[in-house]
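For what it's worth, our numbering labels the leading residue of the sequence shown as 6, then goes sequentially. Glycine residues also receive a C-beta, built at the ideal position from the N, C-alpha and C atoms. Note that the structure is predicted; figures quoted are calculated from it, not measured. Just below is one structure, and these are the notes that go with it.
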Amino acid sequence: MPSNDSRPVNLDLTKFSFPVPAIASISHRIGAVVSWVGMGFVIFVLNRTHGSREGQLWFEQLMANNFLAQFVAWGLLSWFGYYCLATLKHIVQDLGYF
């Protein structure tokens, strides 16, 4: 049976103009994945540094000598700060003040 469907099969998403809420929703979902992966790194570092001076020295040396580790730590701290501020904004909105 032949199909009379003329819809495009492979859409080029760069040709569409998405509204701001759609972009915010997509970035929020991507950010949630980044947060979960970041929490894995945070738990690993906390496990390694907890209870031993050697682990603390390892972390100090890692942060002092490794630009990638510094960049990842900066990114995670920035993201968690943004997430906390966005959470407060949603709480204020839920209370009806904004």
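Nearest residue (CA-CA) to residue i, options the options
i: Gly80; options: Gly56, Ala27, Val39; result: Val39
i: Ala78; options: Phe49, Ser32, His33; result: Phe49
i: Ser32; options: His95, Trp84, Leu93; result: Trp84
i: Phe47; options: Ala29, Ala74, Leu16; result: The residue asked about is misnamed: residue 47 is Val in this sequence, not Phe. Nearest option by C-alpha distance: Ala74.
i: Phe76; options: Ile96, Ile28, Leu51, Gly43; result: Gly43
CA-to-CA distance, residue j to residue i, given in whole angstroms
i: Gly86; j: Thr19; result: 30 angstroms
i: Gly60; j: Gly101; result: 47 angstroms
i: Met68; j: Pro26; result: 37 angstroms
i: Ser11; j: Pro24; result: 25 angstroms
i: Gln98; j: Ala91; result: 10 angstroms
i: Arg58; j: Glu65; result: 10 angstroms
i: Leu82; j: Asn9; result: 53 angstroms
Residue interval of the alpha helix (DSSP H) (run including residue i)
i: Lys94; result: 72-99
i: Val25; result: 25-54
Beta-carbon proximity of residue i to residue j, cut-off 8 angstroms
i: Arg53; j: Trp41; result: no
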